[in-house]
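S.K.: For the sequence shown, position 91 (counting from the first letter as 1) is numbered 90 according to numbering that gives the first Met the number 0, and the numbering increases by one without interruption.
Glycine included, C-beta positions come from ideal geometry on N, C-alpha and C.
Here it is, the structure, as structure tokens.
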Amino acid sequence: MTDPEDIRGWQRLTSRITTSGRVEDGDPARLAAIGVAHVINLAMADHPEALAEEEGKLAAQGIRYTHIPVPFDAPTEAHYAAFVEALESGDTPVHVHCIANYRVSTFFYRYHRERGMGEEEARALMERQWAPEAINHPSTRPWIEFIKRVKPDEL
């Protein structure tokens, strides 16, 4: 089975990690078909494009579900810590999504940098989805600050 690259913002990071924006009704079966064992959702449940009853739809496909609702205007260290814990829980392959793959790609930017990936490579992966600094809008300010919180002692 090939990757469902028509899912919004689809990106394969490794053989065991994929990311995307929103998932739709038929996507849980498609994720199961490529072997996904765990889905981490960073979107708010009340977003108009969120998949209703996502947890149940994934469970019906035998996929574990972790929901970490991250408000777009207020990502916190607690959200990031929960993401890292869920990601490192051992269930792979894992698929991480939100609505547009902005939250996810930014979380992975930090995750990669804090685990030794170079700035250029980590930024290139994030910028396949977006570059917060390139968008002049108040909603990007929290994400620009979030990126700056990479812990240099972990690099």
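(1) If you count every other CB in all the chains shown that lies within 10 Å of the CB of GLU98, and 16 or more means buried, which is it?
(2) Spell out a yes or no on whether the stretch 48 to 63 and the stretch 22 to 33 are touching, meaning 3 or more CB-CB pairs, one atom from each, closer than 8 Å.
(3) From GLU4 to THR17, what does the alpha carbon distance come to, in whole angstroms?
(4) What's the gap between the Cα of ALA80 and the Cα of TYR110?
(5) Among PRO68, ASP72 and ASP90, which residue has its Cα nearest to the Cα of GLY61?
(6) First and last residue of the alpha helix (DSSP H) that includes HIS136?
(7) In whole angstroms, give me the CA-to-CA distance for ALA36 and LEU86.
M.R.: Well, looking at it:
(1) Looking at the sequence shown, residue 98 is not Glu but Ile. So ILE98 ends up on the buried side.
(2) yes
(3) 10 Å
(4) 10 Å
(5) ASP90
(6) No alpha helix (DSSP H) contains HIS136, which DSSP labels as neither H nor E.
(7) 12 Å
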